[in-house]
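Here is the structure we will look at.
2 protein chains.
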Amino acid sequence: MLTRTPRGLPRKNSLQAQGVTLWRCIADDFEQLILLGKYENGERLPAELDVAGRYGVNRHTVRRAMAELAVRGLVYTERGSGTFVKTDKLDYPIRRRTRFSEIVAASGHEAEGRLQRHRVEPASPEIAERLKIEPGKNAVRLEIVRTADRVPISVSTTWFAADRFGDVAKIFRRHRSITRTLAHYGISDYRRQWTRITATFADAVDAGRLRLSVQRPILVVESLDVTSEDVPVLTTRGRFAADRAALIVES
Amino acid sequence: MLTRTPRGLPRKNSLQAQGVTLWRCIADDFEQLILLGKYENGERLPAELDVAGRYGVNRHTVRRAMAELAVRGLVYTERGSGTFVKTDKLDYPIRRRTRFSEIVAASGHEAEGRLQRHRVEPASPEIAERLKIEPGKNAVRLEIVRTADRVPISVSTTWFAADRFGDVAKIFRRHRSITRTLAHYGISDYRRQWTRITATFADAVDAGRLRLSVQRPILVVESLDVTSEDVPVLTTRGRFAADRAALIVES
DNA sequence: CAGGATTTGTTCGTATGTATA
DNA sequence: TTATACATACGAACAAATCCT
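Sequence lines, in order, name chains A and B. Read in order, the letters of the first sequence correspond to residues 2 to 252 in the working numbering. Read in order, the letters of the second sequence correspond to residues 2 to 252 in the working numbering.
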């Protein structure tokens with residue numbers, strides 16, 4: 002329970018930093034409890050009035066805290082039923098054979114990849130080096146949004162060398178799968194050579210595409226895929242909603 | 002430019018929160034600019050006197066801000082030349098043999114691991130399952146901060162089964178390395194079985210330990226290490242400053 | 001190469017606000 | 001309340017390294 006001054010202002014204590022609002026304290030408390038596993042996935046949180054009583058605050062304050070947790074992707078509420086913990090994420094293994102559709106299908110969900118935009122542009126030095134083409138030569142750039150059960154999981158920007166894959170956008174739109182698109186070019190197998198993972202925030206564009214609030218954490222996954230003869234085929238910069246997916250490395 | 006009272010005290014303004022020091026405001030400003038890419042890697046920042054003039058502060062104050070940015074690992078200074086942006090990240094490969102000290106040493110930096118706190122506690126269901134011990138049996142929990150060239154890279158919470166590794170904290174404090182600590186227990190080799198990567202924000206505690214501003218992105222790396230006979234040895238929840246490290250998966 | 005301009009590093013000194021015993 | 005220590009901030013001067021004409 003939080004101690005409060007006679008005027009109702011929160012007083013400093015060990016858990017509560019100066020200037021932090023009550024609802025944020027409550028939200029942070031529950032986030033800790035959820036992340037520490039005190040509440041399991043799918044479990045119902047105590048009723049709003051219960052929580053309000055325990056903290057000695059108004060029910061509206063608890064509702065504000067729960068709204069914050071919903072924004073953080075940790076809970077969802079069902080009217081008349083309660084607020085439930087939602088912490089399961091799609092496990093996304095990073096392997097030699099990394100195929101979005103196979104991964105999602107294997108975990109029992111329905112995968113979809115939609116080409117949003119595409120463009121032919123001169124390759125940046127970075128992209129040229131990865132694809133082993135000369136800097137300034139053309140590359141085809143695809144922007145793909147991937148969903149599992151219609152929930153957006155990632156947006157990816159993928160580059161191909163334009164001289165070999167000039168009409169890759171058209172082919173992809175027909176097949177809706179990188180694997181089948183490459184098969185069309187006679188590449189029956191390809192493998193992930195390296196993957197580089199870091200994290201940032203969602204910018205406005207990505208947040209919109211991922212149906213995510215801005216400033217939510219994003220896993221940035223850069224990667225290079227090559228043929229079985231180690232010839233670079235495509236390189237990708239994927240942005241995964243960290244609230245909805247976890248990357249798994251087995252070794 | 003910051004307005005100041007006649008007595009030389011900083012006055013509140015839009016950029017400056019209450020009770021925040023001048024040098025911290027300037028440091029945070031530049032951190033934002035750097036992280037937003039307004040200054041590229043290797044680019045020179047304006048001269049100290051320039052910045053001092055623009056903010057209307059003494060050169061010492063700017064120097065204090067730059068020192069902070071250097072501590073955060075975002076810039077370095079060269080006498081007579083200037084202050085330069087340094088945003089390349091430490092490449093942290095995730096492999097079967099994943100050893101912090103070896104990784105950092107291989108990239109030419111000085112690694113250090115400091116045990117901050119430790120505790121014996123009943124294992125949560127999650128931890129018990131990973132370590133293959135019975136839920137509720139004791140586990141030793143270590144909180145370790147790891148640095149490269151004294152720049153904090155990660156904070157890790159590591160659990161060991163207490164029955165076998167009861168005094169692991171003492172041993173670790175002596176050896177300052179997980180590898181050497183396990184050697185003390187007769188475990189000459191161990192390997193990473195799986196790694197699970199997701200992302201969030203730094204909370205106040207982690208931000209403090211990582212000398213990072215709060216709300217910066219954090220890579221959350223959970224993992225299990227086993228002996229060569231696949232016996233679980235330790236499990237870890239690491240929080241990496243995403244601004245300072247990128248995880249690499251080669252396959 | 002010379003030499004002046006620029007830029008960071010260092011050391012004095014002064015004053016004020018904050019935290020602690 | 002007082003005394004002490006510490007952090008913040010400003011000012012001036014000079015040293016040392018680098019850059020540029």
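Where a beta carbon is used, it is the ideal one built from N, C-alpha and C, also for glycine. Just so it is clear, the structure is predicted and the values come from calculations on it, not from any experiment.
Hey, how far is the Cα of Ile145(A) from the Cα of Ile219(A)?
16 Å
If the cut is a Cβ gap below 7 Å, which residues of chain B does Ala162(A) touch?
Under the 7 Å cutoff, chain B gives no residues; its nearest Cβ is about 22 Å from Ala162(A).
Looking only at C-alpha atoms, which of Glu69(B), Thr237(B), Val141(B) sits nearest to Ile198(B)?
Thr237(B)
One question on the structure: do Arg100(B) and Thr158(B) come within less than 8 Å of each other, judged by their Cβ atoms?
no
For the region 58 to 120 of chain B, list the beta strand (DSSP E) runs that are entirely contained and at least 3 residues long, ordered along the chain.
76 to 79, 83 to 86, 91 to 94
Using beta-carbon positions only, say whether Ala285(B) and Ala66(B) come within less than 8 Å of one another.
Residue 285(B) falls outside the range modelled here, since chain B spans only 2 to 252, and no answer is possible.
Let me see if you follow: with CB-CB separation under 8 Å, is Val250(B) close to chain A or not?
yes
Contact residues within the region 93 to 107 of chain A, judged by C-beta distance below 7 Å to chain B:
Ile95, Arg96, Arg97
Quick one: give me the first and last residue of the alpha helix (DSSP H) that Glu144(A) is part of.
That residue, Glu144(A), is in no alpha helix (DSSP H); its beta strand (DSSP E) goes 139 to 149.
Under a Cβ-count criterion, where at least 16 other Cβ atoms within 10 Å of its own Cβ denotes burial, should Ala124(A) be classed as buried or exposed?
buried
Bridge partners of Trp195(B), per DSSP?
Glu251(A), Leu225(B)
Measuring CA to CA, which of Arg64(B), Val152(B), Lys138(B), Ile128(B) is closest to Gly74(B)?
Val152(B)
Any idea which residues DSSP pairs Trp160(B) with across the strands?
Arg142(B), Thr236(B)
Grab the span of the alpha helix (DSSP H) containing Glu32(B) for me, first residue to last.
23 to 36
Can you tell me which of Glu32(B), Arg80(B), Leu23(B) puts its alpha carbon nearest to the alpha carbon of Asn59(B)?
Leu23(B)
What are the residues that DSSP puts in a beta bridge with Ser155(A)?
Arg147(A), Phe241(A)
By the 9 Å beta-carbon criterion, what residues does the region 24 to 56 of chain B contribute toward chain A?
Leu36
Same chain only: Cβ atoms within 7 Å of Thr196(B), ignoring 5 sequence neighbours per side
Ile95, Val222, Ser224
Interface residues of chain A facing Lys90(B) [CB-CB closer than 8 Å]
Thr199
Where Ile219(B) falls: helix, strand or coil (DSSP)
strand
Among Arg212(A), Asn139(A), Ile104(A), whose alpha-carbon lies nearest the alpha-carbon of Val121(A)?
Asn139(A)
Taking the C-alpha atoms as reference points, what is the distance between Pro126(A) and Leu183(A)?
24 Å
Span separating the alpha-carbon of Arg118(A) from that of Phe85(B)
37 Å
Distance between Arg25(A) and Gln17(A) (C-alpha atoms, nearest Å):
Here the model assigns Gln17(A) a pLDDT of 35, short of 50, so the residue's position is not dependable, and the following value carries that caveat. Taking the straight line joining both Cα atoms gives about 9 Å.
Proximal residues of chain A, C-beta to C-beta of Ala247(B) below 7 Å:
Arg197, Ile198, Thr199
Inter-stretch contact at 8 Å, needing at least 3 Cβ pairs: the region 39 to 58 of chain B / the region 76 to 84 of chain B:
yes
Rounded to whole angstroms, what's the CA-CA distance from Ser155(A) to Arg147(A)? Just pull it up for me.
5 Å
Excluding the 5 residues preceding and the 5 following Val227(B) in the sequence, name in chain order all residues of the same chain whose CB lies nearer than 7 Å to its CB.
Tyr191, Arg192, Gln194, Pro233, Val234
Return the CA-CA distance between Arg175(A) and Ser252(B), expressed in angstroms with no decimal places.
30 Å
How long is the line joining the alpha carbons of Ala149(B) and Gly209(B), rounded to whole angstroms?
17 Å
Give the secondary structure of Ala124(B) by DSSP, where H, G and I count as helix, E and B as strand, and everything else as coil.
coil
With distances taken from CA atoms, which of Glu135(B), Thr88(B), Arg64(B) is nearest Ala247(B)?
Thr88(B)
Check Arg45(A) in the structure and name its three-state DSSP category.
strand
In whole angstroms, what separates the C-alpha of Val76(A) from that of Asn42(B)?
39 Å
Are the C-beta atoms of Arg131(A) and some chain B residue less than 8 Å apart?
no
Closer than 8 Å, Cβ to Cβ, to anything on chain A: give me those residues from the region 172 to 195 of chain B, in chain order.
Arg192, Arg193, Gln194, Trp195
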